[in-house]
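Participant: Please read through the structure below; I'll follow up with questions.
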Amino acid sequence: MKTLTKQTTTTEWDEVLQKKFGNNFVKEDKVKEDEQRKGTPRTMKKEETNVAIFENERDDENDENDEDEEEEAFMKSYREKRIAEMLFMQKEEKEDEKEEKNNNVRRNEYVMHVSHEQWTKEVTEVSRSHPVLVLLTKENSKACFTLERVMEDVARTYRTSRTKFRRAEARDIIPNYPERNVPTLILYRNGDVVENIVGIEQFGGMSGVNTETVRRRVRMKSDEFLMDRGEEEAKEAEKRREKETAKNG
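For the sequence shown, this note's numbering assigns the number 2 to the initial residue and increments by one for each residue that follows.
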């Protein structure tokens, strides 16, 4: 009895007949060959998906590396900029401090601050040879601050005159000096007080005080104070004439 065996070699016509009679098989080698050559759709799809995921992950990693490099470069630039700004600000502050110090030196160059211990030497003794103006003030007083600034301008304007300018804390010179009396401008000459001018109102008030109002008020008592160079030269010439007249007479 012959046994039906699967043919190893088939033709297209054989395959059609086999399918017609229900014996549906194809050459195994051909199927394997096709599967190996083409791959199953599911396998191919999975492999393609894995490749795509790998590529995406690699792209994401590259993007992250690029972002990290950009962020690092930005932070480096930001730090350098901030350091430069801080150094510039420190330089500006030092220059401002230096300028303020120089301004204070120039401002105080013609107005000497004197203490109680310096009073006799810098006021009383100096007044024997020069007219001396002494401004008594106190801290945290707007009127005193205003007159101080004006007196600095007066001292600068009359820096070539014989008048000497001093400033002192009222309570340091005269204990219990009434606060209502400051600022006070004292005129000293020949070791004595010529006049005490009390209050900023004497010079035109807060809004009216200036170098000219101070000069006019001071010279109401004595024209020896705040002379300009021409007046001093004329006065010296008059004194010489008087001496010559007295000598010849």
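Just so you know, even glycine gets a beta-carbon here, dropped at the ideal spot from N, CA and C. From a predicted model like this one, the values you see are computed outputs, not experimental measurements.
So, with DSSP's three-state summary, where would you put Ile-175?
Facilitator: Of the three classes helix, strand and coil, the one that applies to Ile-175 here is coil, per DSSP.
Participant: Taking DSSP as the reference, what is the three-state secondary structure of Leu-134?
Facilitator: Correct three-state label for Leu-134: strand.
Participant: Indicate whether the contact test is met: 3 or more Cβ pairs, each with one atom in the stretch 190 to 201 and one in the stretch 162 to 170, closer than 8 angstroms.
Facilitator: No, they do not touch.
Participant: Excluding five sequence neighbours on each side, which residues of the same chain lie with their C-beta closer than 8 angstroms to the C-beta of Val-233?
Facilitator: Strictly speaking, residue 233 in this sequence is Glu, with Val absent from that position. So the list reads Ser-162 and Arg-163, once near-sequence residues are dropped.
Participant: Mark Val-187 as exposed unless 16 or more other C-beta atoms lie within 10 angstroms of its C-beta, in which case mark it buried.
Facilitator: Here residue 187 turns out to be Ile, not Val, going by the sequence shown. Per the 10 Å Cβ criterion, buried.
Participant: Since I believe Met-113 is in contact with Leu-136 (beta carbons under 8 angstroms), could you give me their beta-carbon distance rounded to a whole number of angstroms?
Facilitator: That belief does not hold up - the Cβ atoms of Leu-136 and Met-113 are roughly 11 angstroms apart, past 8 angstroms.
Participant: Would you mind working out which of Gln-91, Arg-160 and Lys-139 sits nearest Pro-184, comparing C-alpha positions?
Facilitator: Taking only the C-alpha atoms, the option nearest Pro-184 is Lys-139.
Participant: Quick one: what does DSSP say Phe-226 is sitting in, helix, strand or coil?
Facilitator: Of the three classes helix, strand and coil, the one that applies to Phe-226 here is coil, per DSSP.
Participant: From Tyr-159, Asp-173, Glu-86 and Ala-85, pick the residue whose C-alpha is nearest to that of Thr-212; which is it?
Facilitator: Among Tyr-159, Asp-173, Glu-86 and Ala-85, the Cα nearest to that of Thr-212 belongs to Tyr-159.
Participant: Would you report the Cα separation of Arg-218 and Gly-206, rounded to the nearest angstrom?
Facilitator: Roughly 12 angstroms separates the two Cα atoms.
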